[in-house]
Amino acid sequence: MTERTLLGVLTPSSNTTLEPVTADILHGVEHVSAHFGRLKVTEISLTDQALSQFDNEPFLQASRLLADARVQSITWSGTSSGWRGFQDDEILCQAITEETGIPATTSVLALNELFALTGVRRFGLVTPYLRDVQKKVIATYAGAGFECVAERHLNDKGNFSFSEVSEETIEQMVREVAAEGQCDAITIFCTNLRGARVAARLEKELNIPIYDTVSTGVWKGMLLADADPGQIQGWGSLFLVKP
């Protein structure tokens, strides 16, 4: 049998976007498939209850089940470390690999790597999040040396409702951010927003790299599985970025 590339993806339970979008991104890429494990996430806010959704043990439980499918990488396709701190994702990835022996990444760590590889210091931020969550994300990036020069958010605590935001609304937010700030790149920062097609469609027109966080996770997940992301065509410039 032809050798396959099996990508493990950890998915928020109320997310209805990242699975079909990930499948669409990988459509036509021979012998590469994504396999999903869910963990309970229903609200994005700074309450103790909402923050506790991202404690490590549920991630490890889902990762153990993905390991049964012999996936070659595991990606947390979520953006929680944007407001909890990047160290959360670093600790999580180390724990997943120690538990399963499988290399792990997250959408946010992949985004940060892309920022570093493409020289991004000033960025635009598009999210559906509450105002205080948005401020946390901006502060987290500022602490790592990245300046948010323009932002738009929908002030929604979601999480299910994020999937009902239209591509037209996301496109409008991206255009407003591009017009307002001198951005090195723009990120559509939520894996339950349908931003991947918007990013691919607009980045050439606006002449700005646009990094959607579903796409960033696929990019790094493929690299960790020793597959070439350059096989993915039509979904944006990030898939051609080499580490």
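Under this note's numbering, the residue at position 86 of the sequence shown is numbered 167, and the numbers go up by one with no gaps. Just so you know, even glycine gets a beta-carbon here, dropped at the ideal spot from N, CA and C. Being a predicted model, the structure only gives us computed values, none of them experimental.
Note to self: Measuring alpha carbon to alpha carbon, tell me which residue in 115, 157 and 86 is nearest residue 92.
What the structure shows: Taking the sequence shown and counting its residues from 1, the one referred to as residue 92 is at position 11. For the residues 115, 157 and 86, the minimum Cα distance to residue 92 belongs to 157.
Next item on the list: Go ahead and pull the three-state DSSP assignment for residue 184.
Entry: Counting from one through the sequence shown, the residue named residue 184 turns up at place 103. The answer is coil: DSSP assigns residue 184 none of H, G, I, E or B.
Item checked: Contacts around residue 232, its chain only, beta-carbon distance under 6 angstroms, and the 5 residues preceding and following it disregarded -> Here residue 232 is taken as the residue at index 151 of the sequence shown, counted from 1. These residues qualify, in order along the chain: 206.
Notebook entry, point to check: For residue 273, which option in 87, 99 and 89 has the closest C-alpha, if you only look at C-alpha atoms?
Noted result: Your numbering for residue 273 matches position 192 in the sequence shown. The option with the nearest alpha carbon to residue 273 is 99.
Next item on the list: Tell whether a beta-carbon distance below 8 angstroms holds between residue 283 and residue 255.
Entry: Walking along the sequence shown from the start, residue 283 turns up at place 202. Walking along the sequence shown from the start, residue 255 turns up at place 174. Cβ atoms of residue 283 and residue 255: closer than 8 angstroms.
Checklist line | Limits of the unbroken beta strand (DSSP E) element including residue 316 | finding: Residue mapping note: residue 316 aligns to position 235 of the sequence shown, counting from 1. Premise fails: residue 316 is in no beta strand (DSSP E) and is neither H nor E.
Next item on the list: Report all residues from its chain with a CB closer than 7 angstroms to the CB of residue 142; omit the five preceding and five following residues, and keep chain order.
Entry: Residue mapping note: residue 142 aligns to position 61 of the sequence shown, counting from 1. Once the five neighbours on either side are set aside, residue 142 has no close Cβ partner at all.
Notebook entry, point to check: Count the other CB atoms within 10 Å of the CB of residue 128; is the residue buried (16 or more) or exposed (fewer)?
Noted result: Against the sequence shown, residue 128 aligns to sequence position 47. That one is exposed.
Check: Could you give the C-beta distance for residue 162 and residue 187, rounded to a whole number, given that I count them as a contact under 8 angstroms?
Finding: Locating residue 162 in the sequence shown gives position 81, counting from the first residue. Locating residue 187 in the sequence shown gives position 106, counting from the first residue. About 7 angstroms separates the two Cβ atoms, so the contact holds.
Item checked: Start-to-end residues for the alpha helix (DSSP H) that takes in residue 101 -> Within the sequence shown, numbered from 1, the residue matching residue 101 stands at position 20. Note, residue 101: alpha helix (DSSP H), 99–107.
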